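Protein chains in written order, with our numbering: chain D, 1 to 161; chain B, 162 to 322. Cβ coordinates follow ideal geometry from the N, Cα and C atoms, glycine included. Keep in mind that this is a model prediction, so the values were computed, not measured.
There are 2 protein chains.
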Amino acid sequence: MSKSLSSITLDSFDLAILNILQRDNSTPQRMIGEAVNLSAPAVQRRIRRMEEAGVIQANVAVVDPAQVGQSITIFVEVEVISETAELIDAAKREFASISEVQQCYYVTGEADFVLVVVVPTMNAYEALTRRLFFGNNNVKRFRTFVTMDRVKVGLAVPLPG
Amino acid sequence: MSKSLSSITLDSFDLAILNILQRDNSTPQRMIGEAVNLSAPAVQRRIRRMEEAGVIQANVAVVDPAQVGQSITIFVEVEVISETAELIDAAKREFASISEVQQCYYVTGEADFVLVVVVPTMNAYEALTRRLFFGNNNVKRFRTFVTMDRVKVGLAVPLPG
DNA sequence: CGCAGAATGAAAGATTTTTTCGCGTCAATG
DNA sequence: CATTGACGCGAAAAAATCTTTCATTCTGCG
Numbered sequence: 001m002s003k004s005l006s007s008i009t010l011d012s013f014d015l016a017i018l019n020i021l022q023r024d025n026s027t028p029q030r031m032i033g034e035a036v037n038l039s040a041p042a043v044q045r046r047i048r049r050m051e052e053a054g055v056i057q058a059n060v061a062v063v064d065p066a067q068v069g070q071s072i073t074i075f076v077e078v079e080v081i082s083e084t085a086e087l088i089d090a091a092k093r094e095f096a097s098i099s100e101v102q103q104c105y106y107v108t109g110e111a112d113f114v115l116v117v118v119v120p121t122m123n124a125y126e127a128l129t130r131r132l133f134f135g136n137n138n139v140k141r142f143r144t145f146v147t148m149d150r151v152k153v154g155l156a157v158p159l160p161g
Numbered sequence: 162m163s164k165s166l167s168s169i170t171l172d173s174f175d176l177a178i179l180n181i182l183q184r185d186n187s188t189p190q191r192m193i194g195e196a197v198n199l200s201a202p203a204v205q206r207r208i209r210r211m212e213e214a215g216v217i218q219a220n221v222a223v224v225d226p227a228q229v230g231q232s233i234t235i236f237v238e239v240e241v242i243s244e245t246a247e248l249i250d251a252a253k254r255e256f257a258s259i260s261e262v263q264q265c266y267y268v269t270g271e272a273d274f275v276l277v278v279v280v281p282t283m284n285a286y287e288a289l290t291r292r293l294f295f296g297n298n299n300v301k302r303f304r305t306f307v308t309m310d311r312v313k314v315g316l317a318v319p320l321p322g
């Protein structure tokens with residue numbers, strides 16, 4: 001897991017490749033090559049370069065939560081009491097360490113954190129809130145939004161081109 | 162793109178495989194086999210079965226937004242005026258069709274929709290709000306949370322085991 | 001003009017994925 | 001109690017993909 005965080009420049013070939021991989025990274029390089037007008041080795045070199053530069057951060061399978069018994073997705077806005085760097089960092093680490101917390105963002109506005117939580121039951125969520133919020137004396141308050149429909153889910157980034 | 166939405170049962174082998182693929186789906190089946198104590202073909206059959214059943218919904222590359230010029234991630238809570246089925250469905254379709262809307266959830270609570278928006282600049286966000294919210298007369302109000310730190314990002318589902 | 005650096009494609013080599021096939025297990029059945 | 005069929009397994013072969021190698025092209029620049 002080595003990271004060369006050297007920011008690289010991407011041309012339209014790279015963007016076209018990314019656009020394909022964002023949707024299906026099991027696409028053979030040969031097909032990608034046909035789509036973008038490059039040979040398979042050229043495609044491969046560009047992919048590896050983007051992986052090393054961190055443009056491609058990961059290659060993952062997307063699992064349907066409902067089919068593995070994790071049918072409840074919840075948004076939580078968290079407001080903290082004190083925003084010292086230490087306490088914020090501690091909160092970031094704690095939230096990030098919880099496997100039920102699928103996503104965590106530190107934000108401006110009427111809240112300080114926004115969490116996406118995935119749990120099997122409301123009981124599990126209730127237990128989590130007790131552990132994570134009531135058990136943390138820097139949490140001023142939190143608001144819960146229970147998802148009824150995951151209208152659009154993904155991590156695809158809109159790409160120029 | 163055929164989907165057999167037949168819900169299947171997953172054993173501990175399947176869950177172990179999912180856990181690996183959720184983190185890195187470029188892991189060779191041979192290595193997965195070693196990790197879970199199965200042969201490569203057995204792993205392969207299980208993966209294919211889970212893909213056909215929709216347990217695995219997609220295989221994607223995760224792209225770093227900052228490195229493709231989309232450095233701003235924003236949460237938006239949207240509250241609508243009328244919650245008739247037609248209007249809600251129309252809103253779902255509209256939000257889902259916007260490429261800058263990376264994620265969209267229909268939720269209960271003090272808001273009706275939560276959006277995750279990815280844009281290159283605040284100007285682009287401003288333009289999007291005009292088009293999407295001010296230009297939609299069923300939007301009562303919306304609240305914006307600008308992300309300062311993407312503490313944890315992903316789609317990994319917590320798996321039993 | 002010529003050279004260095006960077007990227008390409010064709011082809012060969014290495015690895016992985018996929019298929020084939022025979023075996024063992026288990027449950028239902030005669 | 002034997003038989004049958006469904007099911008999933010592993011070994012091995014076959015097919016496809018990924019990766020490396022290498023000669024070539026193109027560009028910028030001294």
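Cut-off 7 Å between Cβ atoms - residues of its own chain near residue i, not counting five sequence neighbours on either side
i: Gln-190(B); result: Ala-201, Val-204 and Gln-205
i: Ile-20(D); result: Thr-27, Ile-32 and Ala-35
i: Leu-320(B); result: Leu-176, Leu-179 and Asn-180
i: Gly-69(D); result: Pro-120
i: Glu-86(D); result: none
Contact set for residue i: own chain, Cβ-Cβ below 6 Å, skip 5 residues either direction
i: Asp-14(D); result: Arg-46
i: Arg-143(D); result: Glu-77
i: Glu-240(B); result: Ala-272, Asp-273, Lys-301 and Arg-302
i: Ile-169(B); result: Ala-214
Beta-bridge partners of residue i, as assigned by DSSP
i: Tyr-267(B); result: Asp-149(D) and Phe-274(B)
i: Arg-304(B); result: Glu-238(B)
i: Ile-56(D); result: Val-224(B)
i: Ile-72(D); result: Val-119(D)
i: Val-101(D); result: Val-117(D)
Cut-off 8 Å between Cβ atoms - residues of its own chain near residue i, not counting five sequence neighbours on either side
i: Leu-10(D); result: Leu-18, Met-50 and Val-55
i: Ser-82(D); result: Asn-138
i: Ala-317(B); result: Gln-183 and Arg-184
i: Thr-308(B); result: Ile-233, Thr-234, Ile-235 and Phe-236
i: Gly-161(D); result: Ser-12, Leu-15, Ala-16 and Asn-19
i: Leu-128(D); result: Ile-98, Glu-100, Val-117 and Val-119
Check whether residue i and residue j have beta carbons under 8 Å apart
i: Ser-167(B); j: Ala-214(B); result: yes
i: Val-114(D); j: Phe-306(B); result: yes
i: Val-312(B); j: Cys-104(D); result: yes
i: Val-62(D); j: Ala-219(B); result: yes
i: Asp-310(B); j: Tyr-106(D); result: yes
i: Asn-123(D); j: Val-221(B); result: no
7 Å Cβ cut-off: residues of chain D touching residue i
i: Ile-193(B); result: Result: empty, since nearest Cβ-Cβ is about 11 Å, beyond 7 Å.
i: Ser-168(B); result: Gln-67
Interface residues of chain D facing residue i [CB-CB closer than 8 Å]
i: Leu-171(B); result: Gln-67 and Val-68
i: Ile-233(B); result: The contacting residues do not exist; Ile-233(B) stays about 11 Å from chain D at best.
Residue interval of the alpha helix (DSSP H) (run including residue i)
i: Gln-22(D); result: 12-23
i: Ala-196(B); result: 190-197
Chain-ordered chain B contacts of residue i [CB-CB under 8 Å]
i: Pro-160(D); result: Val-229 and Gly-230
i: Met-122(D); result: What Met-122(D) touches in chain B: nothing, since even the nearest Cβ is about 12 Å away.
Chain-ordered neighbours of residue i on chain D, where CB pairs are closer than 9 Å
i: Leu-182(B); result: Val-60, Ala-61 and Val-63
i: Phe-174(B); result: Neighbours of Phe-174(B) on chain D: none; closest Cβ ~14 Å, over 9 Å.
i: Tyr-267(B); result: Thr-147, Met-148, Asp-149, Arg-150 and Val-151
Under 7 Å by beta carbon: chain B residues contacting residue i
i: Ser-26(D); result: Asn-220
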